[in-house]
Amino acid sequence: MTAELVWLDGQLVPADAARFGLLTHSLHYGTAVFDGGRHYRLADGGVGVFRLRDHVRRFLASAASLWMSLPYTAEQLHAATLAVVRASGRGDGYVRQLAFYGDARIGLGARNPVHVAVLAWEPAGSPGALTKIRIASLGHGAGWIPTAKHAGHYGRAFLALREAEASGHDDALFLGDDGTVVEATGANLFIVRDGRLVTPPDHEPLLPGITRASVLALAADLGIPTLEAPIPRHHLFSADEVFLANSAAELRPVALVEGRRLAAPGPVTARLVARYRAVARGEAPDHHDWIDRVEDPQ
Numbered sequence: 002m003t004a005e006l007v008w009l010d011g012q013l014v015p016a017d018a019a020r021f022g023l024l025t026h027s028l029h030y031g032t033a034v035f036d037g038g039r040h041y042r043l044a045d046g047g048v049g050v051f052r053l054r055d056h057v058r059r060f061l062a063s064a065a066s067l068w069m070s071l072p073y074t075a076e077q078l079h080a081a082t083l084a085v086v087r088a089s090g091r092g093d094g095y096v097r098q099l100a101f102y103g104d105a106r107i108g109l110g111a112r113n114p115v116h117v118a119v120l121a122w123e124p125a126g127s128p129g130a131l132t133k134i135r136i137a138s139l140g141h142g143a144g145w146i147p148t149a150k151h152a153g154h155y156g157r158a159f160l161a162l163r164e165a166e167a168s169g170h171d172d173a174l175f176l177g178d179d180g181t182v183v184e185a186t187g188a189n190l191f192i193v194r195d196g197r198l199v200t201p202p203d204h205e206p207l208l209p210g211i212t213r214a215s216v217l218a219l220a221a222d223l224g225i226p227t228l229e230a231p232i233p234r235h236h237l238f239s240a241d242e243v244f245l246a247n248s249a250a251e252l253r254p255v256a257l258v259e260g261r262r263l264a265a266p267g268p269v270t271a272r273l274v275a276r277y278r279a280v281a282r283g284e285a286p287d288h289h290d291w292i293d294r295v296e297d298p299q
C-alpha cells in the first residue's frame, strides 16, 4: 500500500507528515470512523470514483453516530476525495475517508480534537476473486450500530477473518441471534435459489452496503427477481449460487461453503459481475448517475 499525498484537516500533505502520537484517542479506544470505495480508469480514458456521494453521506452519518462534529461539508469532502485520487496519479485504486479523535489527552472520556483525512492506495488482490467461506464461531453480537462504519466494530470481524484463514478459508459469515446468516466480515451476502437473488434485509443487524444497493439496482435493470429476506443457515447448502459484495472487492463468487463446492461464478452471479464492472468502468451507460469524474478524457 502506498499513499504519497493525503488530505489532512483541509490540505494535501505528504503522507510522511501525517503522523500522530501514541496517546491518540482512537488508537486506544477505537473511536474512529471511515468509509471509502473504488476509483477506476474509465473506458474513455478519464478516471471516475464509483458512488462517491453515497460514501461521503454514510461517512458523515457514521461520524455523527460517534458524537463527532466534522468541520467539513459533504461538498468539501467530495472535493477532497477527488483531489486525492487526482494526486495519486492512478486510474484504478481505493480511496478512503477517515475521521478520528486526536491525542490532546488520554482517557475514555477525553474531549480531544477531531481530525479528518482522505487517502488513496492501490489495494492488494484482484476484484471478483473466487472465495471460500465458513461460518464464524463468534456470534454477531449486539450493542453496536450496524449501519455505521466505526473502526471499533471491526475487532470481531478481524478475529473471524483470522479464524477463517487459519482453516484454509478466505472469509467468514456471521450468524445472528436467531441463527440466520447476517453478513461476512466486511461484505454483504447474496445467494441465488430457484432463479431468485436473495439477501438479508437491511433491518437485520448488518451494514446495508453501498455495493449491496448497487447489486439490487443492477439486478432490477437486468430483470433478475430479488428478495430481501432472512437466510437460514441451511439455505447456504441448497443455494445454486453464493457471492459476497463490498466496495473494495466488488462481487466475489463463492466456490466453497463449509466444504460444499459450488460452480462459481454461476450464471446469475456472472451477469451481475459483468454489469457491475461495465458500469463502474464506464463501459456501459451510467443510468444511476453513480460515477463522479476526477478528470476529463485526454
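As numbered in my numbering, residues 2 to 299 make up the sequence shown, in order. Just so you know, even glycine gets a beta-carbon here, dropped at the ideal spot from N, CA and C.
Check	Outcome
According to the neighbour-count rule (16 or more other Cβ atoms, all chains shown, within 10 Å of its Cβ), is tryptophan 68 buried or exposed?	exposed
Since isoleucine 192 sits in a beta bridge, which residues does DSSP pair it with?	Val199, Val243
Within a Cβ cutoff of 6 Å, which residues of the same chain sit near leucine 6, ignoring the five residues on either side of it in sequence?	Leu13, Ala88
Of all the options Gly169, Arg276, Gly22, Leu99, which has the alpha carbon lying nearest to the alpha carbon of threonine 132?	Gly169
Tell whether a beta-carbon distance below 9 Å holds between proline 72 and valine 34.	no
Measuring only the C-alpha atoms, how far is arginine 112 from leucine 23?	16 Å
Measuring from the CB of alanine 185, is there a heavy atom of the ligand NAP at a distance below 8 Å?	In terms of ligand content, the structure shown is empty, and the ligand NAP therefore cannot be addressed.
How is the alpha helix (DSSP H) around proline 268 delimited, first residue to last?	268-281
Does DSSP classify phenylalanine 21 as helix, strand or coil?	coil
In the DSSP assignment, the beta strand (DSSP E) including phenylalanine 175 goes from what residue to what residue?	172-176
On the DSSP bridge assignment, give the partners of alanine 292 in chain order.	According to the sequence provided, residue 292 is isoleucine. The question's alanine does not apply to it. DSSP lists Phe51 as partners of isoleucine 292.
Measure the C-alpha to C-alpha separation of proline 298 and alanine 281 and round it to an integer number of angstroms.	In this prediction, proline 298 scores a pLDDT of 44, lower than 50, which makes its location untrustworthy; no coordinate-derived value is stated.
May I have the straight-line CA-CA distance separating isoleucine 292 from serine 63, to the nearest angstrom?	22 Å
Alpha carbon to alpha carbon, how far is aspartate 10 from valine 82? Give it in angstroms, no decimals.	Note that residue 82 corresponds to threonine in the displayed sequence, not to valine. Taking the straight line from one Cα to the other gives about 13 Å.
Quick check on histidine 116: does DSSP put it in helix, strand or coil?	strand
Run through DSSP, which three-state label would aspartate 222 get?	helix
By DSSP, does threonine 32 sit in helix, in strand, or in coil?	coil
Where do the ends of the alpha helix (DSSP H) carrying alanine 249 lie?	Segment: none, alanine 249 is in no alpha helix (DSSP H) and carries neither H nor E.
Find out if the Cβ-Cβ distance for the pair histidine 40, valine 295 is shorter than 9 Å.	yes
Cα-Cα, which of Thr181, Ala246, Thr212 is closest to proline 231?	Thr181
Could you tell me whether the region 241-259 touches the region 181-201, where touching means 3 or more Cβ pairs closer than 8 Å?	yes
Could you pull out every residue in the same chain whose Cβ sits closer than 7 Å to the Cβ of alanine 264, ignoring the five residues on either side in sequence?	none
Against chain C, does phenylalanine 175 count as a neighbour if the rule is that its beta carbon must be under 9 Å from one of theirs?	Protein chains in the displayed structure number just one, and chain C is not present.
Report the rounded CA-to-CA distance for arginine 213 versus phenylalanine 21, giving the unit in angstroms.	34 Å
Take proline 15 as the anchor and find which of Arg106, Val119, Tyr95, Leu53 has the nearest alpha-carbon.	Val119
Please determine, among Phe238, Asp287, Asp178, Ile107, the residue with the shortest C-alpha to C-alpha distance to proline 215.	According to the sequence displayed, residue 215 carries serine and not proline. The candidate whose alpha carbon is nearest that of serine 215 is Asp287.
State the Cα-Cα distance for the pair leucine 78 and phenylalanine 238, rounded to the nearest angstrom.	43 Å
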